[in-house]
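Residue numbers (UniProt numbering), protein chains in the order written: chain E, 1 to 292; chain L, 1 to 292. The beta carbon of each residue, even a glycine, is placed where N, CA and C say it ideally should be. All values reported here derive from a predicted model rather than from experimental measurement. Read through the structure below, which is laid out as structure tokens, and then see the notes.
Number of protein chains: 2
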Amino acid sequence: MKLNDFRSYYEPLIQQELLDQISSLSIPDSLKESMNYSLQAGGKRIRPILLLAVMHELGHNHPDALKVAAAVEMIHTYSLIHDDLPSMDDDDLRRGMPTNHKVFGEAVAILAGDALVTYSFGLIARLENVSSDDKVQLIDLMSVSAGAEGMVGGQILDIEGEEKKLELKELEQVHRLKTGALLTFSILAGAILAQAKPETIMSLTRFGEHLGLAFQIQDDILDVTGTSEELGKTAGKDENSEKSTYPGILTLPRAKEKLDYHASEALAAIEGLDGEMALLKELTAMIVKRKN
Amino acid sequence: MKLNDFRSYYEPLIQQELLDQISSLSIPDSLKESMNYSLQAGGKRIRPILLLAVMHELGHNHPDALKVAAAVEMIHTYSLIHDDLPSMDDDDLRRGMPTNHKVFGEAVAILAGDALVTYSFGLIARLENVSSDDKVQLIDLMSVSAGAEGMVGGQILDIEGEEKKLELKELEQVHRLKTGALLTFSILAGAILAQAKPETIMSLTRFGEHLGLAFQIQDDILDVTGTSEELGKTAGKDENSEKSTYPGILTLPRAKEKLDYHASEALAAIEGLDGEMALLKELTAMIVKRKN
């Protein structure tokens, strides 16, 4: 199956799963609207698609896969809502639309984020077709990937990094935590649901780590080369804020080389696996070539 | 055992468990300091003590009880950090000390809260002496109690309630969610770890619900009758902000009657249980009589 067909098939299902989850809640309207607003704002759904693509390539269908994919997307969305806050990155636009706090106010935005991250753990705990052992493993990994030793820690390093020039190693660490950890979790979650063997999980982890870095390098490159219209957010923001980036540290051509390096390492990691892994290869190519 | 002895024994252990958990993390210093600052700021540790008291009264020791107690205290602490933010209740003092964002800045405070709630789920998932089935049940209940249908939803209703006069029923709903849900979870978590029978769990749930309301009514009464020094936070804040409170809706004498009603209903709920329940009775009396 081609990636475009795969995405066209799954994106509406992911969207619907997110809607169904939130509409099942008996909660104040403002909170529900705020949670839905950011969940429905679209985006590329890379994490859910990665999870589902891993399962597809491992030849495994799982009735709860969409729910786990929704949990990961909720964590990602909560992180965007909090990152956009005035005290953090202070962004007014996200995916071409006003950010959550611009529409609902800061208090509701913070709480919508809190609600999403809290809900995602319960969603995994309530899966109907996953063993308790596997749920516990998913929750443990999700907590580490999303928390202080993962995404939240990365956001702290990112904020602190704004006030100084980072070395390449430090910048890589920011991205490993801030973006890489949850991307890798998405891949691992697919592998766990597919009952993959430990060697397969190790290869996929390596794939995820390189893919995450490639993703972030391309993000930095796009901030230099893209337009605000293409990006759906303010272009040139990193440069204007003197934030450390790959092009800033390495120059643009060498940042592109670095991008190619991680993309090819990602591909090498899944080379020996059973199955074609065609979707994962296409996803890697898409991340390298993306315009937003 | 007397409640005072019980608390004197367990409070340092709870404190140490919280310290141990955070010091085990490889995370940026600022994040670690911010998480520790609020966790170590003290407070009454009512939720951990409730959990441990329930286990004690059910005659059950559990090697992981302190870890679950720590997880609940982390959730409670995260909620305080976020509630104190300028866009929420805008409090400068908490337990007599500057609030987290006053010391570490808003961005770090938000992320410390995010890290605490995320970590607490992983902490439960990694318990060594609890079955996966029980972990899953604890995580499900904790997610609901702390999330949009529990504590977070209550905070939304609380904020929205500031702009209008609430009816008694509405005020009660705010408190059931904002304070009651996590208090009740603490009690349930103790019962689950103690392998309590369903009837016992139902009685303890009813106990928790009334105790939670009693707790909150006393909070409102103290805001009217207490001094800032006793409370460790600004007294008279509710009245000055025209916030709906029990004394405000009912008058002070009738709020005190309501407090006594819920306290006696709490006691009635545990009357028929095996064992003395002496600690739970004392805890109820303490909550009614507390000065902060």
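Interface residue (Cβ-Cβ distance to chain L less than 8 Å): E/Tyr119 is classified as such. Within the stretch 153 to 168 of chain E, those residues whose Cβ lies closer than 9 Å to any Cβ of chain L are, in chain order, Gly153, Gln155, Ile156, Leu157, Ile159 and Glu160. Put simply, the CB of E/Ala148 is near chain L, with a gap under 8 Å to one of its CB atoms. Here L/Leu213 is not near L/Val72, since their CB atoms are 8 Å or more apart. E/Glu17 sits close to E/Leu66, with the two beta carbons spaced by under 8 Å. For L/Ser244, no CB of chain E lies under 8 Å from its own CB, so it is not counted at the interface with that chain. Taken through DSSP and simplified to helix, strand or coil, L/Met202 comes out as helix.
Taking the C-beta atoms as reference points, E/Leu3 is found nearer than 8 Å to E/Glu282. Around L/Glu106, the beta-carbon contacts reaching into chain E at under 7 Å are Ser87. A Cβ-Cβ distance of about 6 Å is found for the pair E/Val54 and E/Leu204, placing them in contact under the 8 Å criterion. In the displayed model, E/Arg94 falls within a strand according to three-state DSSP.
The three-state secondary structure of L/Asp84, taken from DSSP, is coil.
In the three-state DSSP reduction, L/Pro28 falls in the coil class, being neither helix nor strand. A residue is called buried when at least 16 other Cβ atoms come within 10 angstroms of its Cβ; E/Gly275 does not meet this threshold and is exposed.
Interface criterion not met: the Cβ of E/Ala278 is under 8 Å from no Cβ in chain L. For L/Lys197, no alpha helix (DSSP H) encloses it, and the DSSP letter there is neither H nor E. Listed along chain E, the residues sitting closer than 9 Å to L/Leu111 by beta-carbon distance are His82, Met88, Ala148, Val152, Gly153, Gln155, Ile156 and Ile159.
A buried status is given to E/Ala196, since no fewer than 16 other beta-carbon atoms sit within 10 Å of its beta-carbon. Judged by their CB atoms, E/Ser143 and L/Phe121 are nearer to each other than the 8 Å cut-off.
Counting C-beta atoms within 10 angstroms of its own C-beta, L/Gly96 has fewer than 16 neighbours from the protein chains shown and is therefore classed as exposed.
Taking a beta-carbon distance threshold of 8 Å, L/Gly122 counts as an interface residue toward chain E. With respect to the 8 Å criterion, E/Val152 and L/Thr118 are classified as neighbours on the basis of their beta carbons. With contacts defined by Cβ atoms closer than 8 Å, E/Leu127 and E/Glu106 do not form a contacting pair. A distance below 8 Å separates the beta carbons of L/Pro48 and L/Ile14. When DSSP states are grouped into helix, strand and coil, L/Val130 belongs to the coil group.
Check the Cα spacing between E/His175 and each of E/Asp90, E/Asp134 and E/Thr245: the tightest is with E/Thr245.
Per DSSP, reduced to three states, the secondary structure at L/Arg45 is coil, with no helix or strand assignment.
At a beta-carbon threshold of 8 Å, the residues of chain L lying near E/Ser132 are Ser131, Ser132, Asp133, Lys135 and Val136, ordered along the chain.
Taking the CA atoms as reference points, L/Lys164 sits about 33 Å from L/Asp140.
At a cut-off of 8 Å, the C-beta of L/Ser23 has no neighbouring C-beta in chain E. Interface flag for L/Ala125 against chain E is set, since a Cβ pair is found closer than 8 Å.
Under the Cβ distance rule, E/Pro28 counts among the residues neighbouring chain L, one pair being separated by less than 8 Å. When the five nearest sequence neighbours on each side are left out, the beta carbons in the same chain lying within less than 8 Å of the beta carbon of E/Leu157 are those of Glu170, Gln173, Val174, Leu177 and Lys178, in order along the chain. Within the stretch 160 to 184 of chain E, the complete alpha helix (DSSP H) segments of 4 residues or longer fall at 168 to 175, listed in chain order. If you compare the alpha carbons of E/Leu166, E/Thr200 and E/Glu149 with that of E/Gly180, the shortest gap goes to E/Glu149. Residue burial annotation: L/Met1 is exposed, with fewer than 16 other C-beta atoms found within 10 angstroms of its C-beta.
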